[in-house]
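With the numbering used here applied, the sequence shown corresponds to residues 1411 to 1794, in that order.
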Amino acid sequence: MNPREQHFQTRCVHVGVDKDPAYNSATTPIYPTSTFYWDDPETTKGYDYTRSGNPTRRALEENLASLEGGIDCRATCTGMSAILAALQLFKTGDHLIAGHDIYGGTYRMLADMLPDLGVEVTFVEMGNPENVRAAIKPETKGIWIETPSNPLMNIVDIEAITAIAKERDLITIADNTFLSPYFQRPIELGVDVVMHSTTKYLNGHSDVVGGAVVTSKPEHAERIGKVVNAMGLGCSPFDAWLVLRGVKTLGPRMEVHERNAGAIAAMLDEHPKVKKVYYPGLPSHPQHELAKKQQRGFGAIISCELDGDVAYVKRALSSAKLFLLAESLGGVESLWEYPDTMTHASMTERARRAAGITPQTIRLSVGIEYVDDLIDDLCTALEV
Ligand SMILES: Cc1ncc(COP(=O)(O)O)c(C=O)c1O
């Protein structure tokens, strides 16, 4: 059977993995070597130096390219280095459009670092695709999509944005970290390039930082491959191995994450200490129908506005026992965090308020623990 025809979860377990002709190992061997010796000055066995390529990293890259429906992938040492690599598709003088409520680190890269390199970025409220059309200038070359957005879970209509991009030959890049390819496959919706922080759901166990760039066009694949080698952005063989191990359980993990998140979102929606819940799985979410159309599931990130002053919010966040007060998301353990001083501290206060993040906003990453225990933990913490 052609691997492309196998079910998603089968590909999670097998693509890139089954190749140890030496000993028939059932898992991918780790090749912790910086260099590979040549048979003669013209002949290698496919690898010469680990910055340029490594069999363990390549196994992960084949796997992720398959899961996202791309033609190639490069696995990087962080999500930010995947973003850096993807941004090398642009050059001085180019203009990009991005959503205004995106991950704080991405915002910092686009707002603070790119202008120094002569690339200008306009941030728009991307929930309305017409805002993107209105922001296009003669120099516009690309659109950065993050959906659902971090932390407010706004949904961007991927097909509407890629249709606008195609009219003007713009490159579209989607950050698919929040849903993983299990719940959303942007390339199938017309996006050119997908990036991930593999730190999150793809690895799933909070023991790696990593990233990936998946391409769907040969010219982008070639450029990203060159950039990751030339800039030295590739991940270590050991980290690649850990992510590949994590990916094998992606489907079952995402199912439990989402089931737990649905129950917790419903509980929070009724809770007297919660003013507002941002979760696309709730029918009251303004883009619930769009989420149903372009996603296969709603994921397990929930944000909400607590009903109380800042001191109450901070007290509550420090009181949970199971929900760890920590940045990051997508691991098997539940986390919650305070965007103002944690994940979105790299945005200015003004940019945070413009994006809709308030001093009462908190974000939860729902893990795969037994859901009643999680609900008890949250209810106790919210009573402080
Ligand atoms: C949506 C999103 N994209 C990118 C990143 C950056 O990834 P990393 O921390 O692995 O560099 C993060 C990190 O939190 C994120 O949440």
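For each residue, glycine too, the CB sits at the ideal point set by N, CA and C.
For ligand 1, I want to know if residue i counts as a neighbour, meaning its beta carbon is within less than 6 Å of at least one of the ligand's heavy atoms.
i: Thr1587; result: yes
i: Met1641; result: no
i: Asn1613; result: no
i: Val1653; result: no
i: Ser1607; result: yes
i: Gly1509; result: no
i: Asn1560; result: yes
i: Tyr1748; result: no
i: Met1378; result: Missing from the structure shown is residue 1378; the chain here goes from 1411 to 1794 and no further.
i: Gly1515; result: yes
i: Val1781; result: no
i: Val1604; result: no
i: Val1619; result: yes
Tell me the rounded alpha-carbon separation between residue i and residue j.
i: Gln1419; j: Asp1602; result: 23 Å
i: Trp1448; j: Gly1661; result: 40 Å
i: Glu1540; j: Glu1577; result: 13 Å
i: Ile1847; j: Thr1443; result: In the structure as shown, the chain starts at 1411 and stops at 1794, and residue 1847 therefore has no counterpart that could be examined.
i: Ile1481; j: Arg1543; result: 29 Å
i: Glu1535; j: Ile1507; result: 10 Å
i: Glu1680; j: Asp1567; result: 28 Å
i: Leu1524; j: Gly1707; result: 33 Å
i: Lys1627; j: Gly1718; result: 49 Å
i: Thr1557; j: Pro1690; result: 11 Å
i: Phe1500; j: Tyr1722; result: 45 Å
i: Thr1486; j: Cys1789; result: 39 Å
i: Tyr1611; j: Ile1565; result: 19 Å
i: Met1641; j: Leu1494; result: 10 Å
i: Tyr1592; j: Leu1477; result: 8 Å
i: Ser1607; j: Asn1586; result: 8 Å
i: Gly1514; j: Val1427; result: 34 Å
i: Asp1526; j: Glu1699; result: 40 Å
i: Thr1609; j: Leu1734; result: 17 Å
i: Gln1498; j: Ile1581; result: 12 Å
i: Asp1430; j: Ile1440; result: 11 Å
i: Asn1639; j: Leu1727; result: 42 Å
i: Lys1724; j: Tyr1748; result: 8 Å
i: Glu1665; j: Gly1620; result: 23 Å
i: Tyr1625; j: Ala1791; result: One point to set straight first is that residue 1625 is Thr, not Tyr, in the sequence displayed. About 43 Å.
i: Ala1469; j: Val1687; result: 39 Å
Please report the residue range of the alpha helix (DSSP H) in which residue i lies.
i: His1417; result: Where His1417 is concerned, there is no enclosing alpha helix (DSSP H), given that its DSSP letter is neither H nor E.
i: Ile1574; result: 1568 to 1577
i: Arg1518; result: 1514 to 1518
i: Phe1648; result: 1647 to 1657
i: Leu1700; result: 1698 to 1704
i: Thr1466; result: 1465 to 1478
i: Arg1669; result: 1660 to 1680
i: Val1638; result: 1628 to 1641
On a Cα-Cα basis, can you pick out the residue from the options that is closest to residue i?
i: Val1423; options: Asn1473, Tyr1457, Val1637, Thr1758; result: Asn1473
i: Glu1715; options: Ile1574, Pro1769, Phe1648, Val1742; result: Pro1769
i: Thr1550; options: Gly1777, Gln1498, Val1531, Leu1562; result: Val1531
i: Met1563; options: Ile1546, Ser1738, Pro1696; result: Pro1696
i: Leu1732; options: Leu1784, Gln1705, Ile1712; result: Leu1784
i: Met1490; options: Cys1789, Asp1786, Leu1643, Gly1709; result: Leu1643
i: Pro1682; options: Leu1580, Asn1613, Glu1793; result: Glu1793
i: Glu1779; options: Gly1426, Gly1741, Arg1595, Asp1750; result: Gly1741
i: Ser1729; options: Pro1548, Thr1659, Asp1786; result: Asp1786
i: Gly1479; options: Val1425, Gly1777, Ala1575; result: Val1425
i: Val1803; options: Leu1739, His1505, Thr1582; result: This structure cannot speak to residue 1803, because the chain is shown only from 1411 to 1794.
i: Ala1673; options: Leu1692, Ile1583, Arg1663; result: Leu1692
i: Gly1614; options: Ile1583, Pro1596, Glu1569, Arg1663; result: Arg1663
i: Ile1597; options: Thr1502, Ala1573, Val1666; result: Ala1573
i: Ala1545; options: Ser1775, Val1781, His1510; result: His1510
i: Thr1460; options: Gly1600, Gly1709, Gly1552, Arg1484; result: Arg1484
i: Thr1502; options: Thr1488, Met1519, Val1529, His1417; result: Val1529
i: Ser1713; options: Thr1751, Tyr1433, Gln1704, Thr1771; result: Thr1771
i: Asp1782; options: Ser1775, Gln1704, Lys1455, Asn1670; result: Asn1670
What are the boundary residues of the beta strand (DSSP E) that includes residue i?
i: Tyr1688; result: 1684 to 1688
i: Gln1509; result: Correcting the residue identity first, residue 1509 is Gly in this sequence and not Gln. Gly1509 -> beta strand (DSSP E) spans 1505 to 1509.
i: Gly1552; result: 1550 to 1556
i: Arg1725; result: From DSSP, Arg1725 is part of no beta strand (DSSP E) but of the alpha helix (DSSP H) over 1720 to 1727.
i: Gly1621; result: 1621 to 1625
i: Ala1485; result: 1482 to 1486
Would you please verify whether the beta carbon of residue i is less than 7 Å from any beta carbon of chain D?
i: Val1653; result: The chain labelled as chain D is not found in the depicted structure, where only one protein chain is given.
Checklist line | Three-pair Cβ contact test at 8 Å for the region 1649 to 1656 versus the region 1625 to 1640 | finding: no
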